[in-house]
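Asks:
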Amino acid sequence: MANDPIHQFQISKWIPIEVGGLDFSFTNSSAFMVATVVAAGAFLFLTTSSRGLVPGRLQSISEMSYEFVASMLRDSAGSHGMRFFPFVFSIFMFVLMANLLGLFPYFFTVTSHIIVTFALALLVIGTVVVYGFWKHGFGFLKLFVPQGVPGVVVPLVVLIEIVSFLSRPVSLSVRLFANMLAGHITLKVFAGFVTSMSALGAAGVAGAVLPLIMTVAITGLEFLVAFMQAYVFAVLTCMYLNDAVHPGH
Amino acid sequence: MADKDQPDDLERRRADLEKALAEKRPAKQDGGEGKTKGDMAGAAQALRLSSEFIAGVGVGAALGWFIDHFAGTSPWGLIIFLLLGFGAGVLNVLRSAGLVAEFGIRSSDDGRDPEKK
Chain H
18 MANDPIHQFQ ISKWIPIEVG GLDFSFTNSS AFMVATVVAA GAFLFLTTSS RGLVPGRLQS
78 ISEMSYEFVA SMLRDSAGSH GMRFFPFVFS IFMFVLMANL LGLFPYFFTV TSHIIVTFAL
138 ALLVIGTVVV YGFWKHGFGF LKLFVPQGVP GVVVPLVVLI EIVSFLSRPV SLSVRLFANM
198 LAGHITLKVF AGFVTSMSAL GAAGVAGAVL PLIMTVAITG LEFLVAFMQA YVFAVLTCMY
258 LNDAVHPGH
Chain L
7 MADKDQPDDL ERRRADLEKA LAEKRPAKQD GGEGKTKGDM AGAAQALRLS SEFIAGVGVG
67 AALGWFIDHF AGTSPWGLII FLLLGFGAGV LNVLRSAGLV AEFGIRSSDD GRDPEKK
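Residue numbers (the working numbering), protein chains in the order written: chain H, 18 to 266; chain L, 7 to 123.
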């Protein structure tokens, strides 16, 4: 068990709940989702509660994350897209906090399960589709018809565009999930080398320094990946929302 | 005399300092920000491209398989939609690399804000 790199992703039921034959149990995954939301909310609330005109260190972290997401959204979806700011900011903070919490030893990584990331991606695409149709009616479908294409190939292009659009939630969710999963497995495998090599005696202990260095290096890399994936998820969310706000001109 | 000279001197020195700072500031900021932004954006893009292509092919194949399953047209739906998915994957990659216009035709500054038009 100690050397099983997959064990960290197992779901365990903490409080079994069953409603109408469906399993609604409160699992370790649910617990860490709650912890993520609480941590993100508490961080933002506590750091900004002093309302300093000149921000302290923690307050400027909060303000920087706000500015970061706000400028990202304004750049890609224009000021009209700013109505989605609460949505994008929540998603960004949730993914970032879930990724970072997952880096604690013995903690469960919520975003390493594809169903979680896929649900987030479906939420994004669902928002795009619903808002697009609500705002532009069937004009939203112009999204799939690029201008300046000869009439003969339009059906083919439209089909390709539709498949391309449908592949968006998949690529969005697979990217986040795969990065977190692969990173955590790599980390666990290298850390496993340390223990199994040092069990071999003095030479093993000396050799175990190498995977230990790798483990430390990969931990640093994982912090980068945690930020990067939250950033990529939020950027793509902004770009997809841009399609809902301005479908083809 | 000395009383009058001193503020002038101070003004002049301040102006000099401002000028020197103004010369340094944009250059330093541009260099620093451009580099970190380039690194972040470049690595983020590298991660995007591979998954975009796989997702395109995967979704195409899944769509074809479902159509076959419900319409009983096996294996034609799978074949056709796998090819379409390949096309969509290539399109996804080119689009996220910025080589093809986004959905609809839009240049970088056009279409940012329809309210202004």
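Cβ atoms here follow ideal geometry from the backbone N, Cα and C, with glycine treated the same way. These numbers come from a predicted model, not from an experiment.
Excluding sequence positions up to five away, which residues of its chain have a Cβ less than 7 Å from the Cβ of Leu229(H)?
Replies: If we look at Leu229(H) and ignore the five residues flanking it on each side, its Cβ neighbours are Val211.
Asks: Less than 8 Å between C-beta atoms, sequence neighbours within five positions excluded: which residues of the same chain meet that for Asp74(L)?
Replies: The answer, listed in chain order, is Ser80, Pro81, Trp82, Gly83 and Leu84.
Asks: Rounding to the nearest angstrom, what Cα-Cα distance links Asp260(H) and Lys152(H) in this structure?
Replies: Computed Cα separation, rounded: 12 Å.
Asks: Taking contact to mean at least 3 C-beta pairs separated by less than 8 Å, is the stretch 50–65 of chain H in contact with the stretch 101–120 of chain H?
Replies: A contact exists between the stretch 50–65 of chain H and the stretch 101–120 of chain H.
Asks: Which residues in the same chain have their Cβ closer than 6 Å to the Cβ of Phe194(H), if we skip the five residues on either side of it in sequence?
Replies: Answer for Phe194(H): Ile131 and Thr134, listed in chain order.
Asks: Have a look at Ala247(H), Pro22(H), Gln164(H) and Met89(H) and flag the residue whose alpha-carbon is nearest the alpha-carbon of Tyr123(H).
Replies: The shortest C-alpha separation from Tyr123(H) is found at Pro22(H).
Asks: Among Glu35(H), Ile179(H), Thr65(H) and Ile28(H), which residue has its Cα nearest to the Cα of Leu69(L)?
Replies: Answer by Cα proximity: Ile179(H).
Asks: How big is the Cα-Cα spacing for Val86(H) and Leu258(H)?
Replies: Each residue's Cα considered, the two are about 14 Å apart.
Asks: I'd like to know whether the C-beta of Val187(H) is nearer than 8 Å to at least one C-beta of chain L.
Replies: Output row for Val187(H): interface = yes.
Asks: Under DSSP, the alpha helix (DSSP H) around Ile32(H) begins and ends at which residues?
Replies: Here Ile32(H) belongs to no alpha helix (DSSP H); instead the beta strand (DSSP E) covers Lys30 to Ile32.
Asks: Taking DSSP's pairing of strands, which residues face Val36(H) in a bridge?
Replies: In the DSSP output, where bridge partners are listed per residue, Val36(H) has Leu39(H).
Asks: Which same chain residues, not among the five before or five after Met214(H), have their C-beta less than 6 Å away from its C-beta?
Replies: Gly221, Gly224 and Ala225, listed in sequence order.
Asks: When the Cα of Leu189(H) is compared with those of Val252(H), Gly38(H) and Thr53(H), which residue comes out closest?
Replies: Taking only the C-alpha atoms, the option nearest Leu189(H) is Val252(H).
Asks: If we count the other Cβ atoms within 10 Å of its Cβ and call it buried at 16 or more, is Pro186(H) buried or exposed?
Replies: By the 10 Å Cβ count, Pro186(H) comes out buried.
Asks: Cα separation between Phe101(H) and Gly95(L)?
Replies: The alpha-carbon atoms of Phe101(H) and Gly95(L) are separated by roughly 28 Å.
Asks: When Cβ atoms are compared, which residues of the stretch 51–76 of chain L fall closer than 7 Å to chain H?
Replies: For the stretch 51–76 of chain L, which is checked against every Cβ of chain H, the residues closer than 7 Å are Leu53, Arg54, Ser57, Glu58, Ala61, Gly62, Gly64, Val65, Gly66 and Leu69.
Asks: Please say whether Phe121(H) and Ser46(H) have beta carbons closer to each other than 8 Å?
Replies: No.
Asks: Specify, as a first and last residue, the run of the alpha helix (DSSP H) that Tyr123(H) falls within.
Replies: Neither: Tyr123(H) is in no alpha helix (DSSP H) and is coded neither H nor E.
Asks: Have a look at Leu227(H) and Ser42(H) and give me their C-alpha separation to the nearest angstrom.
Replies: Straight-line Cα distance between these residues: approximately 42 Å.
Asks: Under 8 Å Cβ-Cβ, which residues of chain H neighbour Gly91(L)?
Replies: Val180 and Ser184, listed in chain order.
Asks: For the stretch 42–55 of chain H, which residues have a beta carbon sitting closer than 7 Å to at least one beta carbon of chain L?
Replies: Residues: none.
Asks: I want to see whether chain L comes within less than 8 Å of Ile32(H), judged by CB atoms only; does it?
Replies: By this cut-off, Ile32(H) is not an interface position.
Asks: What residues of chain H sit near Ala94(L), judged by a beta carbon separation below 9 Å?
Replies: Neighbours of Ala94(L) on chain H, chain order: Leu176, Ile177, Glu178, Ile179, Val180, Ser181, Phe182, Leu183 and Ser184.
Asks: Which bits of chain H does Leu97(L) rub up against, with CB to CB less than 8 Å?
Replies: Within chain H, the residues near Leu97(L) are Ile177, Glu178 and Ser181.
Asks: DSSP state of Glu39(L), grouped into three classes?
Replies: The predicted position of Glu39(L) is uncertain, since its pLDDT is 45 and thus under 50; a value taken from the coordinates is nonetheless stated next. If DSSP states are grouped into helix, strand and coil, Glu39(L) belongs with the helices.
Asks: Can you give the Cα-Cα distance for Asp22(L) and Leu90(H), rounded to whole angstroms?
Replies: Their Cα atoms are separated by approximately 39 Å.
Asks: Is Gly143(H) buried or exposed, if buried means 16 or more other CB atoms sit within 10 Å of its CB?
Replies: Its Cβ having fewer than 16 others within 10 Å, Gly143(H) is exposed.
Asks: Determine the closest residue to Gly62(L) out of Asp15(L), Gly78(L), Leu89(L) and Phe76(L), with distance taken between C-alpha atoms.
Replies: Per the Cα distances, Leu89(L).
Asks: Where does Thr254(H) sit, in a helix, a strand or coil, going by DSSP?
Replies: Helix at Thr254(H).
Asks: Less than 8 Å between CB atoms is the rule here; does Val146(H) satisfy it with respect to chain L?
Replies: Taking Cβ atoms only, chain L never reaches closer than 8 Å to Val146(H), which makes this a no.
Asks: Establish whether the CB of Val171(H) and some CB of chain L are separated by less than 8 Å.
Replies: No, because no Cβ of chain L sits closer than 8 Å to the Cβ of Val171(H).
Asks: With His201(H) as the anchor, note down where its alpha helix (DSSP H) starts and where it stops.
Replies: Per DSSP, His201(H) belongs to the alpha helix (DSSP H) from Val171 to Ser215.
Asks: Less than 8 Å between the beta carbons of Gly170(L) and Ile177(H), yes or no?
Replies: Nothing about residue 170(L) can be reported from this structure: the residues present for chain L run from 7 to 123 only.
Asks: Is the CB-CB distance between Phe150(H) and Phe157(H) below 8 Å?
Replies: Taking 8 Å as the Cβ cut-off, Phe150(H) and Phe157(H) qualify as a contacting pair.
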